[in-house]
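A short write-up of the structure that comes next.
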Amino acid sequence: MALIECPNCKRKISDTQPACIHCGYLLLKENFSAEAEGEDEKESEKKQFDDIERSEQTALWDEFYHIHPKYRKVKNKMLQQEKLQKWRVVDLIMFILLLIGGRFLIDEEKIVSVQLFYGGTALYVLFCLRMVVTAIVLKILLSKNKKRWLIVLKRFQQWLSEKKQIEYTVKFETIKQKRYFECIDLKSEYY
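Counting from 1, one number per residue, gives the positions in the sequence shown under the UniProt record's numbering.
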């Protein structure tokens, strides 16, 4: 004996009953098989997120951000850190140009004192140190925010599936991200 849900009043009843004891709805096996077929059709009717127009995708993201405003902040942080990544590349190019320029500017005959040479070397070392520290900090921040972003994508995927009946497939940069995404338990995740 198992409990089933009445299709009419949604209350729990015994599966051996021929009719619902609460509302009197006739419980026929055909009714349950028809409902199961209807659920299968709903599963197959789900649209793909990539097949939807770009404006509708944006509207869905905006609706999701309206429900969960803190997730928009995660996206904005990701965009800011990607801009910082571009600045890191610019720093590297500037450093290479300074090295090339310094090599041609420093001529042994034109060095007035040893202090000028050591001052230039100290500047190069400080510049290198700044680049290394920036790279390490960006790496840490990006990995932390990418994990947060994967949680946002998981929640968005769940929300689309449950509320809008749309399938959303996530594209991963690395296998490690895919493994992390699969291990996310939305009930236990804080963010």
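Even for Gly, the Cβ is constructed at its ideal location relative to N, Cα and C.
In this model, residue 65 and residue 182 are separated by some 22 Å (Cα to Cα).
DSSP, reduced to helix, strand and coil, places residue 173 outside both helices and strands of the structure shown, so it counts as coil. Within the DSSP secondary-structure output, residue 5 pairs in a beta bridge with 12. Here the segment 162–170 makes no contact with the segment 123–140; the two share fewer than three CB pairs at distances below 8 Å. In this structure, residue 180 keeps its C-beta atom at 8 Å or more from the C-beta atom of residue 49.
Take the alpha-carbon of residue 175 and the one of residue 94: they are about 34 Å apart.
Linking residue 17 to residue 2 through their CA atoms gives a straight-line distance of about 11 Å. Between residue 145 and residue 77 a beta carbon distance of about 5 Å is seen, short of the 8 Å cut, so the two are scored as contacting. Excluding its 5 nearest sequence neighbours in each direction, residue 8 has C-beta neighbours in its own chain below 8 Å: 20, 23 and 25, listed in chain order. Secondary structure of residue 167 (DSSP, three-state): strand. Proximity to residue 156 across 4, 96, 89 and 62 peaks at 62, based on C-alpha coordinates. Secondary structure at residue 47: strand, using DSSP grouped into helix, strand and coil.
Rounded to the nearest whole angstrom, the CA to CA distance from residue 13 to residue 185 is 32 Å. Just so you know, the alpha carbons of residue 128 and residue 92 end up roughly 9 Å apart.
Between the alpha carbons of residue 52 and residue 172 lies a distance of about 20 Å.
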